[in-house]
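Each residue of the sequence shown is one higher than the one before, starting from 3 at the first, in my numbering. Every residue, glycine too, gets a C-beta built ideally from N, C-alpha and C. Source: prediction; values computed, not measured.
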Amino acid sequence: MLVLKEAEQTNKREAESYVNELFQTVVNRNPHEYEFHQAVKEVFNSLIPVLANKPEYIKHAILERIVEPDRMISFRIPWQDDTGRIRVNRGFRVQFNNAIGPYKGGLRFHPSVNASIVKFLGFEQIFKNALTGQSIGGGKGGSDFDPKGKSDFEIMRFCQSFMTELCKHIGPNTDVPAGDIGVGAREIGYLFGQYKKLSGAYEAGVLTGKGIGYGGSLARTEATGYGTVYFVDQMLKSAGYTFHGSTVVVSGSGNVSIYAMEKAIQLGAKVIACSDSSGYLYDEQGINLATIKRLKEVENRRCSDYTLEHPGAVYAEGCSGIWSIPCDIALPCATQNEMDKEAAECLLRNGVRAVGEGANMPCTLEAIDVFLDNQVLFAPAKAANAGGVSVSALEMAQNSARQAWTMEEVDARLQVIMGKIYEESIRASELYGRPGNLVVGANIAGFIKVADAMIAQGI
Ligand code: NDP
């Protein structure tokens, strides 16, 4: 028994030093890509118990291979603004890993988009997509184009130019992009129109997040936000809590945030705060979702305008202050690294019970440690926000079968998928000695599926 324990310790130490050395190589090979380093570090640290147990993953150099994208495409996007001026942006598509299916992952249009952002998102997408149980690989893309303040025609011209290059690299069985920050139904429509024109074929399955009238899936708009709440609900129930009667703070007021708020309210919670990139709103009575939806989805206005219609609400400039509002459940749904250690400590002092990541990598590694070290229930993005890509894969299935399922059917499937992701992540956390740690559980469960497929397919 003692000998066995010693052997286990040795394997763990070896796995640790292997991972540390490899992480350093990743940093050296990808200088200044801090978000990418952060995403890799989180996954690598989670995998130590697996590597200690299954040295074949080291022998087959799975980690060395999985951190290197299959390919990274960077391209020029020239377009003309409404004044006739020619503008140039940079576009990206990273095709990270297709061991279990065609590359799949969204497109982000935001001035902050660069190689590091696209690679961190694409890397995480590998494991998230594997967790869904559907055959989709990992990819991501976007541009540093800022859609804010642009006219419809400018957005259309930009999307057409973007697709003129991107179309050479995608296809229903190759790589299937979708939306993300700054890319919603309008942008997907323009991108699809241009793809159709260039390819000369109606390939509905080349993009997801399409309009309902031309191959989109019901419940895709709601899927990421609803899925996050379904996942957090499971996590709460396992500890004897529920959304009912809880106070909830949700950052952002975009696609993920709005539908996370909607589902939390449907489950009986009171959502007391949300935000945009300018500032945050606090409404003690509970945020009026109809007002937020109209302001954001229809009128393209700011959160601050909410107080014009609801004078009892308070608006404050700046984003991070939202985490100083006492709540039972916090759902960061805006952007990466929006919650740091100080914000996490503040939530903890105010008695937060659970945190669920609706956005990708919204919590820094230090913030996550604060939650895990203090028994705050924590739902990591790869698992909690996988509902969006899950319904995207259901959209692909409907496109292939030339069918259109009902809202109820898609929502029921989404709930089943989120339940399975939760169970698999918990099971992996128990199997590898970190019971209840969903960060470790989700990373391991996703990794094993991809790693085994890579081994089966050879080098
Ligand atoms: P949207 O563009 O619809 O919304 C983003 C929201 O976040 C906006 O309200 C935006 O405000 C706000 N925001 C941006 N930066 C900040 C900041 N620094 N502080 C506070 N708020 C900020 O994007 P999505 O809702 O689609 O995406 C949000 C997150 O969810 C991203 O991390 C994305 O990768 C992730 N995600 C999205 C999926 C999807 O299906 N859409 C699927 C899985 C993950 P403003 O309006 O001022 O810009």
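Any non-hydrogen atom of ligand 1 closer than 7 Å to residue i Cβ
{"i": "D285", "result": "no"}
{"i": "E340", "result": "yes"}
{"i": "D148", "result": "no"}
{"i": "T226", "result": "yes"}
{"i": "C321", "result": "yes"}
{"i": "N116", "result": "no"}
{"i": "N257", "result": "yes"}
{"i": "D278", "result": "yes"}
{"i": "C335", "result": "yes"}
{"i": "D371", "result": "no"}
{"i": "I172", "result": "no"}
{"i": "I183", "result": "yes"}
{"i": "A54", "result": "no"}
{"i": "G144", "result": "no"}
{"i": "A361", "result": "yes"}
{"i": "S306", "result": "no"}
{"i": "N477", "result": "The chain is shown only over 3 to 461; residue 477 falls outside these bounds and no answer can be derived."}
{"i": "G108", "result": "yes"}
{"i": "G218", "result": "no"}
{"i": "N131", "result": "no"}
{"i": "G390", "result": "yes"}
Residue i, buried or exposed, once every other Cβ within 10 Å from all chains shown has been counted against 16
{"i": "L168", "result": "buried"}
{"i": "Y204", "result": "exposed"}
{"i": "A314", "result": "A small fix is needed here, since residue 314 is Gly in this sequence, not Ala. Classification for G314: exposed."}
{"i": "Y216", "result": "exposed"}
{"i": "S392", "result": "buried"}
{"i": "S12", "result": "Here the sequence assigns Thr to residue 12, which means Ser is not the residue at that position. The residue in question, T12, is exposed, as its Cβ has fewer than 16 Cβ neighbours within 10 Å."}
{"i": "R78", "result": "exposed"}
{"i": "M263", "result": "buried"}
{"i": "Q338", "result": "buried"}
{"i": "L65", "result": "buried"}
{"i": "N257", "result": "buried"}
Rounded Cβ spacing between residue i and residue j (contact assumed at less than 8 Å)
{"i": "V69", "j": "F449", "result": "In fact, because the Cβ distance is near 12 Å, the residues do not count as touching under 8 Å."}
{"i": "E359", "j": "A386", "result": "5 Å"}
{"i": "I128", "j": "E37", "result": "Actually they are not in contact, since the Cβ atoms of I128 and E37 sit about 15 Å apart, beyond 8 Å."}
{"i": "G93", "j": "S145", "result": "5 Å"}
{"i": "Y317", "j": "S306", "result": "5 Å"}
{"i": "E35", "j": "D83", "result": "Actually they are not in contact, since the Cβ atoms of E35 and D83 sit about 30 Å apart, beyond 8 Å."}
{"i": "C335", "j": "A361", "result": "5 Å"}
Enclosing alpha helix (DSSP H) for residue i [first to last residue]
{"i": "D154", "result": "D154 to L168"}
{"i": "R73", "result": "Looking at the DSSP string, R73 is not in any alpha helix (DSSP H); the run it does join, the beta strand (DSSP E), is R73 to Q82."}
{"i": "V378", "result": "It is not in any alpha helix (DSSP H) - V378 carries neither H nor E in the DSSP assignment."}
{"i": "S240", "result": "R222 to S240"}
{"i": "I260", "result": "N257 to Q268"}
Proximity below 8 Å, CB of residue i to CB of residue j
{"i": "G139", "j": "N100", "result": "yes"}
{"i": "L440", "j": "A381", "result": "yes"}
{"i": "A132", "j": "L416", "result": "no"}
{"i": "S219", "j": "L374", "result": "no"}
{"i": "I274", "j": "G288", "result": "yes"}
{"i": "C321", "j": "S277", "result": "yes"}
{"i": "A225", "j": "V250", "result": "no"}
{"i": "G141", "j": "D182", "result": "no"}
{"i": "P149", "j": "G184", "result": "yes"}
{"i": "G389", "j": "M420", "result": "yes"}
{"i": "E58", "j": "F111", "result": "no"}
{"i": "V234", "j": "A356", "result": "yes"}
{"i": "Y282", "j": "I324", "result": "yes"}
{"i": "M165", "j": "Y197", "result": "yes"}
{"i": "A447", "j": "S427", "result": "yes"}
{"i": "V378", "j": "V354", "result": "yes"}
{"i": "G143", "j": "L193", "result": "no"}
{"i": "K130", "j": "K384", "result": "yes"}
Extent of the continuous beta strand (DSSP E) run through residue i
{"i": "R110", "result": "Y105 to F111"}
{"i": "R89", "result": "I88 to N99"}
{"i": "Y282", "result": "G281 to Y284"}
{"i": "S277", "result": "K272 to S277"}
{"i": "S326", "result": "No beta strand (DSSP E) contains S326, which DSSP labels as neither H nor E."}
{"i": "T309", "result": "Taken as a continuous stretch (DSSP letters only), T309 belongs to no beta strand (DSSP E), being part of the alpha helix (DSSP H) at Y308 to E311."}
{"i": "Y317", "result": "V316 to E319"}
{"i": "V120", "result": "That residue, V120, is in no beta strand (DSSP E); its alpha helix (DSSP H) goes A117 to L133."}
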